[in-house]
Every structure is written in C-alpha cells, then in structure tokens.
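Below is one structure; the comments refer to it alone.
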Amino acid sequence: MTDHWQYLLLMAACLLVTLPLEFALRARVYRRPLRLLAALLPTVALFTVWDVIGILRGHWSYSRRFTTGILLGPVPLEELVFFVVVPICGLLTYEAVGTVLSLARRAAARRERSRIDA
Amino acid sequence: MPEYTLFTVAAVVLVVAAELFWLRTGIFRTAQYWVSIAIVFGFQVLVDGWLTKLSAPIVAYAPGRYLGVRFPWDIPIEDFGFGFAMVTLTVLLWHRLGRQEER
C-alpha cells in the first residue's frame, strides 16, 4: 500500500530537507512566488515535453508498484512533481550558497579593515 | 549515439548556449553557481540513486537507449546531464527575472 507513495514521498522529503534554507540561510525563494512561478514554468514545460518523448520512444518507464498510477496523458503525476520540486531545491541551494558567500565576504572585509586600523 | 545520450548532450549544449548568447547572466563566472551545482550533484546521487537502483527501480531505463554506463550506484550517467540542464536553466531564468525585478 505505502509502496505506491514511494516516489511522491521521496519528493516530499526533498522539500522538507531544503525548507530550512528558506529561513535559516535566507534563501527567499518561496517568499518571491511570482518570480518562482515565472522561473519554473519554462523549465517544467520543456522537461515535460522531454519526458513525454522519452516515455513514448521507450527510453524509460515507471514502476507501477512505486507510483500512484495517476497519469496525465502518458506522464505519471510524480514526474510533474519532480520537475517542480527539483528546480525549487536547486534555487534554494543557489540562494543559500549566495547568503553564505556574502556573509563570508563581509567577514573577510571586516577583518581587513580592523587589520588596517590596527 | 543512443537517443537518451543524444538528447542529454543536446540539452546541456542548448542551456549553455542560451546563457552565452542570449541570457548572459554571468553565473558561469561565479563561485555561487559552481558551489551550488556541486551540492546539487551530491544530493542528486542520493535521490537519483534511490530512483534508479536496480534492486527495486522506480524508473527503469531501456537497454540501447542510453550508454549503459551506470555510476555511481546504478545511476545512468546521462541523468547528470539531465539534472545539470534542468537546474541550470531554472537558475538562469531566476537570475534573469531577478535583474528585471531590481530595475
């Protein structure tokens, strides 16, 4: 029974693990919903097209055991969720790394100033 | 070249070309981007490794449609090009939209 949720649960875990980046590392991705939506739409559209081609041409297939069985045309619901979740995780990572790097740069600049003052 | 391999190479080339000749965000010259993509690859190994593991695959790949090289674990190496193209395109668009936001 829970087997069918495996792929979706994996996606939920990705969102859960990256959620702290939004707050603790000030990623501010979810807090800019329009920009997020605008960045996601072309990616989701293009990679869904690729997925449809991949499925129809037999490049890959999905386990019936580990997916819900909900299909949108030939595409499992899980794949659409994947094309939303993974880019969001990527953006959270990118913005969080940006926060850490700018904090590090500011700290280095402060050290440099205090060295010159001394 | 197998089709999935071909599509992956094309996707990577197209995304890189979109940045160099059209979007020109400059992210390829930043530490922020390369550190991020390294972290993303690290987590891709975990998530994709789970999706593609041959003992209980969620996604199955047809022989002959990819190179057949699976590394690390059972991940078809093409998947890393797929992931790179998807995440890089999103970051490019996000960056570009941010610039417009600031104007």
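Order-wise, the sequence lines are chains E and R. Okay, so the first sequence: first residue is 1 according to full-length UniProt numbering, each after it adds one. Okay, so the second sequence: first residue is 1 according to full-length UniProt numbering, each after it adds one. Beta carbons are placed, not taken as given, at the ideal position from N, Cα and C, and that holds for glycine.
Validate contact between the region 24-34 of chain E and the region 91-105 of chain E using beta carbons, cut 8 Å, 3 pairs: yes
Which residue or residues does DSSP assign as beta-bridge partners of A72 (chain E)? Numbered from 1 along the first sequence, position 72 holds the residue referred to as residue 72 (chain E). Strictly speaking, residue 72 (chain E) in this sequence is Leu, with Ala absent from that position. In the DSSP output, where bridge partners are listed per residue, L72 (chain E) has E:V75.
Inter-residue spacing [alpha-carbon to alpha-carbon] between T52 (chain R) and L41 (chain E): Locating residue 52 (chain R) in the second sequence gives position 52, counting from the first residue. Locating residue 41 (chain E) in the first sequence gives position 41, counting from the first residue. T52 (chain R) and L41 (chain E): Cα-Cα distance of roughly 26 Å.
Beta-bridge pairing of V17 (chain E) - partner residues as DSSP gives them: Translated into positions along the first sequence, residue 17 (chain E) becomes position 17. Per DSSP, none; premise fails for V17 (chain E).
How about M86 (chain R): is its C-beta nearer than 8 Å to some C-beta of chain B? Looking for chain B here will not work: the only protein chains present are E and R.
Beta carbon proximity, I39 (chain R) to chain E, threshold 8 Å: As a position in the second sequence, residue 39 (chain R) is number 39, starting the count at 1. True, the Cβ-Cβ gap to chain E drops below 8 Å.
Considering only residues of the UniProt domain "Lycopene cyclase" (4-94) of chain R, which uninterrupted alpha helix (DSSP H) runs meet the minimum length of 4 residues and lie entirely inside it, listed in chain order? 31-52
Rounded to whole angstroms, how far is the Cβ of V97 (chain E) from the Cβ of S36 (chain R), which I believe are closer than 8 Å? Here residue 97 (chain E) is taken as the residue at index 97 of the first sequence, counted from 1. Here residue 36 (chain R) is taken as the residue at index 36 of the second sequence, counted from 1. That belief holds up - the Cβ atoms of V97 (chain E) and S36 (chain R) are roughly 5 Å apart, short of 8 Å.
Supposed close pair residue 121 (chain E), F47 (chain E) - CB separation, criterion 8 Å: Since the first and last residues shown for chain E are 1 and 118, residue 121 (chain E) lies out of range.
Less than 8 Å separating the beta-carbons of residue 135 (chain E) and L89 (chain R)? Here chain E covers residues 1 to 118 and nothing more, so residue 135 (chain E) does not appear.
Quick one: which chain R residues come within Cβ less than 7 Å of V66 (chain E)? Translated into the one-based positions of the first sequence, residue 66 (chain E) becomes position 66. The question names Val, yet the displayed sequence has Phe at residue 66 (chain E). Near F66 (chain E) (Cβ distances below 7 Å), the residues of chain R are I58.
Quick one: any contact between the region 35-50 of chain R and the region 65-80 of chain R, if contact means 3 or more CB pairs under 8 Å? yes
In the DSSP assignment, find the unbroken beta strand (DSSP E) run with W50 (chain E) in it and report its ends. Residue 50 (chain E) sits at position 50 when you count from the first residue of the first sequence. Run containing W50 (chain E): none in the beta strand (DSSP E); it sits in the alpha helix (DSSP H), 33-56.
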